[in-house]
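Numbering (our numbering), first residue to last: 996 to 1376.
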Amino acid sequence: MSLKQDLADVFEVIPVSLADRSYLIHLCGASSSKTNKESLIKGFENALLAVLGELGRCSHVVIVADGSIAAPYAKPIQDKLQSAGTRASLLAIPSGEQSKSIAELARIWEFLLREKTDRASVMIAIGGGVIGDLAGFAAATYTRGIRFIQVPTTLLAMVDSSVGGKTGINLPTAKNMVGAFWQPTAVVINTQALDSLPDREFRSGLAEVVKYGVILDEEFFEYLESHAVAIGGRHPESIQHIIARSCQLKAEVVSKDEYETTGLRAILNYGHTFAHAIEADTKYGQLLHGEAVSIGMHLAAQTAVRRGMIDASIVDRQSTLLQRLGLPIYFEGLKPARLWELMQNDKKVENGKLAFILPTRIGHVERTRNVTFEEAFGVQT
Ligand SMILES: NC(=O)c1ccc[n+]([C@@H]2O[C@H](COP(=O)([O-])OP(=O)(O)OC[C@H]3O[C@@H](n4cnc5c(N)ncnc54)[C@H](O)[C@@H]3O)[C@@H](O)[C@H]2O)c1
Ligand SMILES: [Zn+2]
């Protein structure tokens, strides 16, 4: 089976250039005029098999999947692999952020050992960012690293977490505190998986999409403005376009600063310094990540106005788009002093100074230090 042949009709291929760690993102297209649902699913499964076939020596495949979607998405892949003569093991992980834990990581390691996983095995992670981060970290560490393929099933995972090689787990009091850079061998996205994704999760993923427009690409931002209704209604062509463009933009940034050493990769954290503090303050329960990012981007843009970097019309333009996409820009009970305190624990603090990513226009941001409390929140301590 030729990879090119198999992917020709239904996949767009986006390269992530990282020297000998380069890989491809295979995006299952949704040109609904040409392809029906069944052929898309078949195309996705065939493509995944073809991607595996291209990898060369593969003694065994181990699938780690989100428990709530293992039956519809992971089991058919396991069956297909087995009927094609490949030994395939499947481990379901309970859904939710709590699974990014030492206990679940240990459970995966034990499973890998029991299933006689070796360095010629390939892991496939099927699920949202939780599974990608957790399984990716297990792949990074088991026998000092086995190959893994990301099959993201949430919008956030498709446009963000599955690309770039950041893997890890949470400690009880610190999110994403233990991890590794471990690039996937490939990313295979099937946009059909979004059909079952709840609306709130879908909209949460859109916050990261808007982020790419603000930090890097005004034209893309304009596309989001002019297609907000189609995107909200999950129009297949629009969804495919926003996933493809987001992956391209993230891939470009990651290619230039894989290990976050030059500062460039930090621009992906636009809105996140505020968002992480909001998430911590609300105990990760009240808001989804993308909702916190949306509020965080609004606060960051307001900060940029107070520092004279942009005028208020940019804030309005951003908040109008976020709200049209069903995202919040404010939440009741926001406590500036408490957030400021939490922000000082951010991983991005260096020499006691917090780095802010602030816009200078739509399509461009800058890293800024020395932001005061008043500039950040518009009130005095
Ligand atoms: N590695 C990175 O670069 C990076 C970047 C951003 C976020 N993240 C991490 O990603 C995680 C958040 O990811 P997420 O938003 O995908 O959350 P998630 O993995 O918890 O998925 C959200 C919910 O959707 C469900 N789900 C998944 N796919 C589904 C589908 N197709 N249909 C129906 N339900 C489905 C899950 O069971 C879960 O309940 C966080 O832990 C965050 O730290 C990592
Ligand atoms: Zn994010």
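Backbone N, C-alpha and C fix where the C-beta goes; we use that ideal spot for every residue, glycine too.
Legend entry - Distance between beta carbons of R1362 and A1371, contact taken as under 8 Å: That pair is no contact at about 15 Å.
Legend entry - Residue closest to T1298, alpha-carbon to alpha-carbon, out of V1310, L1201, V1204, F1176: V1310
Inset, instruction - With DSSP collapsed to three states, give me the class of A1239. - result: helix
Legend entry - Under 9 Å between C-beta atoms of I1237 and V1154: yes
Legend entry - Pair within 9 Å by beta-carbon distance, T1162 and Y1068: no
Legend entry - Whole-angstrom distance between I1290 and F1269, CA atom to CA atom: 8 Å
Inset, instruction - Assign A1014 to one of two classes, buried (16 or more other C-beta atoms within 10 Å of its C-beta) or exposed (fewer than that). - result: exposed
Legend entry - Under the three-state DSSP convention, the category N1340 falls into: coil
Legend entry - 6 Å Cβ shell around A1003 - same chain, five flanking residues per side excluded: For A1003, the predicted structure reports a pLDDT of 46, less than 50, and the residue's modelled location is therefore unreliable. A value from the coordinates is still provided. Nothing meets the Cβ criterion.
Inset, instruction - Could you spell out where the beta strand (DSSP E) holding V1146 opens and where it closes? - result: 1142 to 1147
Legend entry - Among R1260, C1242, E1214, the one whose alpha carbon lies nearest that of V1248: R1260
Inset, instruction - Go ahead and label R1139 buried or exposed: buried means 16 or more other beta carbons lie within 10 angstroms of its beta carbon, across all protein chains shown. - result: exposed
Inset, instruction - Note down the Cα distance separating G1321 from S1221, rounded to an integer number of angstroms. - result: 15 Å
Inset, instruction - Confirm the yes/no value for this check: CB of E1110, any heavy atom of ligand 1, distance under 8 Å. - result: no
Legend entry - Same chain, Cβ closer than 7 Å to Q1178, five either side skipped, listed in chain order: L1013, R1016, Y1018, G1160
Legend entry - Cβ neighbours of I1020 in the same chain (closer than 6 Å, five flanking residues each side left out): I1009, V1182, C1242
Inset, instruction - Just the C-alpha distance for N1365 and Y1325, rounded to the nearest angstrom, thanks. - result: 24 Å
Legend entry - Span separating the alpha-carbon of P1071 from that of Q1318: 38 Å
Inset, instruction - Could you name the residues that DSSP lists as bridge partners for T1363? - result: F1351
Inset, instruction - Tell whether a beta-carbon distance below 9 Å holds between I1234 and L1334. - result: no
Inset, instruction - Compare the beta carbon distance of S1090 and D1061 with 9 Å and say whether it is the shorter of the two. - result: yes
Inset, instruction - Assuming L1086 and L1150 form a contact by the criterion Cβ under 8 Å, report the distance between their Cβ atoms to the nearest whole angstrom. - result: Contact doesn't hold; Cβ gap of about 24 Å is too wide.
Inset, instruction - Indicate, with yes or no, if ligand 2 has a heavy atom lying under 8 Å from the CB of G1358. - result: no
Inset, instruction - Out of A1066, K1206, Y1218, V1046, point me to the one whose CA is closest to R1142's CA. - result: V1046
Legend entry - M996 in three-state terms, based on DSSP: Model confidence at M996 stands at a pLDDT of 41, short of 50, so the residue's coordinates are unreliable; what they give is reported in the following sentence. The answer is coil: DSSP assigns M996 none of H, G, I, E or B.
Inset, instruction - In the DSSP assignment, find the unbroken alpha helix (DSSP H) run with F1326 in it and report its ends. - result: Counting along the chain, F1326 falls outside any alpha helix (DSSP H), and DSSP gives it neither H nor E.
Legend entry - Cβ-heavy atom distance, D1341 to ligand 3, below 8 Å: Judged by which ligands are present, ligand 3 is missing from the structure shown, whose ligands are ligand 1 and ligand 2.
Legend entry - L1013 (DSSP reduced to helix, strand or coil): strand
Legend entry - Backbone CA spacing between K1206 and M1292 [nearest angstrom]: 8 Å
Inset, instruction - Using the DSSP secondary-structure output, state which residues sit across from Y1018 in a beta bridge. - result: V1011
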